[in-house]
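FYI, my numbering numbers position 96 of the sequence shown as 96, with every residue one higher than the one before it. Yeah, the Cβ is synthetic: ideal placement off N, Cα and C, and Gly gets one too.
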Amino acid sequence: MIRTELFRLNGAVERDPAIDAWMKTHSGELGAIAQKWFEVMRNCGDEVRELLHDGCPTACLGDAAFGYVNVFTSHVSVGFFQGAALPDPSHLLQGTGKFMRHVKLKTGTAANAAAISRLIKASYLDIKARVEHG
């Protein structure tokens, strides 16, 4: 595990009504994809908190962000704040930033649901370890 400063966000709550409102404004197939994967993030553990950050539903462990979803014109991004450190044997992660990575999902294209679920869980467990052990 690479030691880095965590991306921390003030104001994360157990269930943010602003995210439910965001989901309602992003209906349709892409919205359904975003909602599905954000629910997986929400269900990672009892300590998961959430908020809208830069207009995106963001999942945190306490105040340490670990994942987000966003809807674009033709795809959904499922993103990870420490994604560069995640194991990705299915090679789904995209991006070249120092820390962040994302998976692009499109309608009509089969998604590797098991691999995406593993990435979300790995992101959560990675942030949990970083928070607990510095």
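Applying the 10 Å Cβ sphere with the 16-neighbour rule, what's the burial state of residue i?
{"i": "Arg149", "result": "Any answer about residue 149 is impossible in this case: the structure gives the chain only from 1 up to 134."}
{"i": "Ser123", "result": "buried"}
{"i": "Asn70", "result": "buried"}
{"i": "Pro57", "result": "buried"}
{"i": "Asp126", "result": "buried"}
{"i": "Val48", "result": "buried"}
{"i": "Pro17", "result": "exposed"}
On a CA-only basis, which of the options is nearest residue i? Give me that one, please.
{"i": "Asp63", "options": "Val71, Gly55, Leu51", "result": "Leu51"}
{"i": "Gly31", "options": "Leu61, Lys128, Phe72", "result": "Phe72"}
{"i": "Ala34", "options": "Gly45, Arg49, Gly67", "result": "Gly67"}
{"i": "Thr96", "options": "Ile19, Thr109, Gly79, Met23", "result": "Gly79"}
{"i": "His53", "options": "Val76, Arg8, Asn112, Gly108", "result": "Arg8"}
{"i": "Ser77", "options": "Gly55, His102, Asp88, Ile19", "result": "His102"}
{"i": "Ser74", "options": "His26, Ala113, Asn112", "result": "His26"}
{"i": "Asn112", "options": "Trp22, Ala21, Asp88", "result": "Asp88"}
When you compare the CB positions of residue i and residue j, do they come within less than 9 Å of one another, or not?
{"i": "Leu6", "j": "Ala84", "result": "no"}
{"i": "Arg130", "j": "Gln82", "result": "yes"}
{"i": "Cys168", "j": "Ala115", "result": "This structure leaves residue 168 out entirely; the chain is present only between 1 and 134."}
{"i": "Leu105", "j": "Trp37", "result": "yes"}
{"i": "Thr107", "j": "Glu39", "result": "no"}
{"i": "Lys128", "j": "Gly45", "result": "yes"}
Does residue i come within less than 9 Å of chain B when only Cβ atoms are used?
{"i": "His53", "result": "Among the protein chains of the structure shown there is no chain B, as only one such chain exists."}
Exercise. Is there contact here, the stretch 116-133 with the stretch 86-100, by at least three beta-carbon pairs under 8 Å?
Worked result: yes
For this session: Counting only runs of 4+ residues fully inside the stretch 8-41, write out the alpha helix (DSSP H) ranges in chain order.
Result: 17-25
Problem set entry | Inside the stretch 78-119 only - beta strand (DSSP E) runs reaching at least 3 residues | 101-105
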